[in-house]
Every structure is written in C-alpha cells, then in structure tokens.
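Counting from 1, position 277 in the sequence shown corresponds to residue 1057 in my numbering; the numbering is continuous, with no gaps.
We put the CB at the ideal spot given by N, CA and C, even for glycine.
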Amino acid sequence: MDTMMCGGIEKSLLSLLNVLDNSSADITLLLNEDKGLFMKLIPEWVNVHKIAYSKNISDEKRLGRKQLLKKNIRNLRIFHSLKQYLSLRKENRKQEDDRLIHRYRRYHNEIIDDNILSSHYDLAVAYANIEQMILVSDKINATRKIAFFHTELDGLTKDINRYCEILSKFDTLYCVSEDLTLSLKNRLPDFNDRIKHFPHIFNTGMMKEWSEKFEAEWKGNGFKLLSVGRVQHQKGFDLIPDIAHNLRKSNINFQWLIIGDGPMIKDISKRLTELNVHDCVTFCGIKENPYPYFASCDIYVQPSRYEGYCLTVAEARVFARPIIATRFDGANEQLEGGICGKIVDCDIDQLSIAIKELVDNPNLRAQYSNALIRQKINDTSGADIFMEEVKKSIHP
781 MDTMMCGGIE
791 KSLLSLLNVL
801 DNSSADITLL
811 LNEDKGLFMK
821 LIPEWVNVHK
831 IAYSKNISDE
841 KRLGRKQLLK
851 KNIRNLRIFH
861 SLKQYLSLRK
871 ENRKQEDDRL
881 IHRYRRYHNE
891 IIDDNILSSH
901 YDLAVAYANI
911 EQMILVSDKI
921 NATRKIAFFH
931 TELDGLTKDI
941 NRYCEILSKF
951 DTLYCVSEDL
961 TLSLKNRLPD
971 FNDRIKHFPH
981 IFNTGMMKEW
991 SEKFEAEWKG
1001 NGFKLLSVGR
1011 VQHQKGFDLI
1021 PDIAHNLRKS
1031 NINFQWLIIG
1041 DGPMIKDISK
1051 RLTELNVHDC
1061 VTFCGIKENP
1071 YPYFASCDIY
1081 VQPSRYEGYC
1091 LTVAEARVFA
1101 RPIIATRFDG
1111 ANEQLEGGIC
1121 GKIVDCDIDQ
1131 LSIAIKELVD
1141 NPNLRAQYSN
1151 ALIRQKINDT
1161 SGADIFMEEV
1171 KKSIHP
C-alpha cells in the first residue's frame, strides 16, 4: 500500500484484515509512507513495515521530479541536476504506461531495505495499484503472488496490455466487481484462467453500530444530500457546484455535504462562490466515522467518472439510502441495473434531473430503499477466498 489514508481501498484492506484468523497467517503490511487516519485501525497482530528508499528517491517521491530538479539546481548540485534532467527527458519520450513502468522500476532499484528484498514469503499481495504490482512482480520473493484491481481499467492505465510481462508473474488477478472482472477478461484473453472476482467484505453490524455513536450535523431542514470520497477528478465532485445551481433554480431546498479531502477543494469552493451556492454545499473534511451521515441522509449521490466497485455506494446500500450513481464499473452490479437506485451518465444535467426526480417523488425513494433492504449485503466470503490462496502458497 502507499499509505493508510482515508479511502475506499484502504478501508477494504482493513475489512479483510479484520476478518482473517490471525492464528493462521503471519501478515506483513508494506507501506510507502506509514501515515494516514487508518493507521491506528490496523490490527495489532499485523507487522507494519515502511519501505526505505535512497534519499534521492525519497525526495523525488515527496517533492515530485520537477520540484526536485529545481531544488538541486538552486543548491548547485550540477551532477545530480544533469543526471536527473537526462533521466526525466528519457522517461518523457516513452508512451505513458511505459513511462510509469520505467519510473517505478527506477524507484524499486533504489530500495535500501535488505529485509524486504531478502525475505521469502508464502504469499505476496499487490493490493492497491500499478506501482505495487511492479514491486511484487520484480522484487518480492514469494511462492505465490496475487494482485487486486480496484479501479476501472480506463482510469488505471492507457493500455493494460503493456503490463502483460508484469502480470504474467501473478498466479491470480482479483477484480472487486463483476463488471471489472468481465472487462479485464475481455482486454486480456490470455489471462482468463487467472482473472477472478473477489467480493468486497462487509461488516454491516459494525457499520450500523458506528452509525449510532453520534448524531450527524446537518444545516437547515432541506433535503439532505451526501457524497463521500477523495476530492479529485475521478470522483466527479467538481460537477456538484453546477448541479447545486440547477437545483436552486428549481427552488429545491437542500443541504449537500461532501465528506473527504483532496486537491480540488479550492477550485470547487471557488466555483461554489461564483454560482452563489456556497451556502448549501459544505466540505466536511475526512471523517473517521462517516456512518451517522450515511444513516441520516435523504439521498446519496456518487457522480464518479470511473470506479472499480465504489465502496461508498455499498456503504449507502447498507443503510438503504436512495442512491444516484453514474455509469461506472460496479454501479450496475450494486444497484441491480437500476432496480435499487438510479444510474445516469456522468453529466451535470442528468444528475440534476435525477436528484430533482427523487426529491419530488417520495414513492420512488421508498421503492429504492425497500429494494436495498431486500439485498444481501453482509458478505465475508472474501476471507475464505484469501485463506484459500494462503493454503495454495503453503501446499502448492
């Protein structure tokens, strides 16, 4: 993992760790940075290890390549500046995926932690992203290797076929949604026998217990809209100011809370002010426990441009909240093709119309909620699948 910041992938990892039998596995969690709100939620029996890189790579990962180059030039580190400039120029000439592969392999060649490189593991898991797949493929010594895909392929890579050499080192490739599983099989027909679906692990009892720990704070008495996730381009939260503007023009009284942090907050806040809807859309920051908000919202809105499964939609399902989601991988699966919620294009007008329709139609809201109540959401079968991988690594 990169970090244990508050995100869906990190939360899904915690769900997996918390249902595993710690007497059956000795787990080491490798992190690029040992930081994040979820660090304290890692079970005590898990060995947490921060990957140590050379100072040059650590500085580059922290500052970025261009900023590090400027710093070296200011400090008159001529040799380092020239070496870095030539490396940057060489990388920039490559196709985007080849550029990433080259960069990550350069990072991993400067890992200075002998414990990681010399240890042997029964099972190595690349859980979060491409960088970790490359690390596990190239550098980790293990009897068996598996990788997870959490994100829609078009958002993860320009051309997944560029990674075939890397993926060939893995025994199983797990996808967190059925749509993503089908998509990966279509893109990589030679890997079909390795590609499998891994169901998300849900502890609905814990979620509902946490939802009662405090009362969510909402302003005013209008419709309570909720969106949760990292405030970045993928999540589509930059569409919210214009959607809110359309709702206000339709004389809808509402309060929209956005739980999460990210690089686009400043730009979105500026747009909210420009459209004079800053009083009805509020950024709440990261919440360690967002479940009181899930439990009390009137409508949950997920305007993502792409996803693999989208854990926050699943969390809204646990509380049977009426859901509006865009057409990302996993939306159709979770909302049963529109039976359990409304699925629209990632478009300002379509999202505005969908919200207005649900606000104006209490029977439709009740229909979606009742359909979600009938769904089976409490699922821990992923733990059995994971432990089966452990057994295969011990008895290949």
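Do residue i and residue j have their CB atoms nearer than 8 Å?
i               : j                 : result
leucine 1005    : valine 1081       : yes
valine 1057     : alanine 805       : no
lysine 993      : asparagine 889    : no
glycine 1088    : valine 956        : yes
aspartate 1177  : isoleucine 1048   : The question about residue 1177 has no answer here: the residues shown for the chain are numbered 781 through 1176.
leucine 953     : isoleucine 910    : no
methionine 781  : leucine 809       : yes
isoleucine 1157 : phenylalanine 982 : yes
proline 1072    : glutamate 995     : yes
proline 1083    : isoleucine 1020   : yes
arginine 942    : aspartate 877     : yes
isoleucine 1135 : isoleucine 1104   : yes
glutamate 1113  : glutamate 945     : no
threonine 783   : lysine 815        : yes
aspartate 902   : serine 1173       : yes
What's the C-alpha gap between residue i and residue j?
i                  : j               : result
phenylalanine 1074 : leucine 1152    : 14 Å
leucine 1115       : arginine 1028   : 28 Å
alanine 1100       : glutamine 912   : 35 Å
aspartate 839      : valine 916      : 22 Å
methionine 1167    : leucine 800     : 8 Å
arginine 999       : isoleucine 1079 : It should be noted that the sequence gives lysine, not arginine, for residue 999. If you take the alpha carbons of lysine 999 and isoleucine 1079, they lie about 15 Å apart.
lysine 1050        : cysteine 1126   : 21 Å
phenylalanine 950  : lysine 830      : 23 Å
glutamine 1012     : alanine 1094    : 20 Å
isoleucine 807     : isoleucine 1128 : 45 Å
isoleucine 920     : leucine 1144    : 52 Å
leucine 797        : glycine 985     : 16 Å
tyrosine 1086      : glycine 1016    : 9 Å
glutamate 932      : isoleucine 789  : 13 Å
methionine 819     : isoleucine 940  : 31 Å
histidine 882      : glycine 1042    : 27 Å
glutamine 1130     : valine 1124     : 6 Å
serine 795         : valine 1061     : 31 Å
glutamine 1035     : leucine 1052    : 13 Å
isoleucine 1165    : glutamate 1054  : 50 Å
Does the Cβ of residue i have 16 or more other Cβ atoms within 10 Å, making it buried, or fewer, making it exposed?
i              : result
lysine 1122    : buried
leucine 897    : exposed
lysine 1046    : exposed
serine 963     : buried
histidine 930  : buried
threonine 1106 : buried
aspartate 1109 : buried
serine 948     : exposed
arginine 1097  : buried
serine 899     : exposed
arginine 842   : exposed
serine 1030    : exposed
With a CB to CB cut of under 6 Å and the five nearest residues on each side skipped, what residues in its chain are close to residue i?
i              : result
cysteine 1077  : Lys1004, Leu1006, Arg1101
tryptophan 825 : Asn802
alanine 927    : Ala906, Met913, Phe950, Leu953
threonine 1187 : The first residue shown for the chain is 781 and the last is 1176, placing residue 1187 beyond what the model contains.
cysteine 1064  : Leu1037, Ile1039
Kindly list the residues whose CB is nearer than 7 Å to the CB of residue i, restricted to its own chain and excluding five residues on each side of it in sequence; keep chain order.
i              : result
glycine 787    : Arg1010
serine 1132    : Ile1023, Asn1026, Leu1027
leucine 793    : Met781, Tyr907
threonine 1160 : Val799, Ile981
glycine 1040   : Val1008, Gly1009, Arg1010, Val1011, Ile1066
isoleucine 837 : Tyr887, Glu890
glutamine 1014 : Gly935, Ser1084, Arg1085, Tyr1086
Kindly list the residues whose CB is nearer than 8 Å to the CB of residue i, restricted to its own chain and excluding five residues on each side of it in sequence; keep chain order.
i               : result
asparagine 1033 : Gly1000, Asn1001, Gly1002, Phe1003
asparagine 972  : Lys965
**Message:** As an exercise, report each continuous beta strand (DSSP E) stretch of at least 3 residues that is fully enclosed by the segment 895–971, in chain order.
**Reply:** Taking 3 residues as the shortest admissible run, the segment 895–971 contains the following complete beta strand (DSSP E) segments, listed from N- to C-terminal end: 900–906, 921–929, 952–955.
**Ordered list of alpha helix (DSSP H) runs contained in the segment 982–1014, each at least 4 residues** = For the segment 982–1014, whole alpha helix (DSSP H) runs of length 4 or above, ordered along the chain, are 984–990.
**Asked** In chain order, which beta strand (DSSP E) runs of at least 3 residues are fully inside the segment 805–842?
**Response** Entirely contained in the segment 805–842, the beta strand (DSSP E) runs reaching 3 residues are, in chain order, 808–811, 827–830.
**Request:** Return the chain-ordered ranges of every alpha helix (DSSP H) run that is complete within the segment 1068–1117 and spans a minimum of 4 residues.
**Result:** DSSP runs (the alpha helix (DSSP H)) wholly in the segment 1068–1117: 1071–1076, 1091–1098, 1111–1114.
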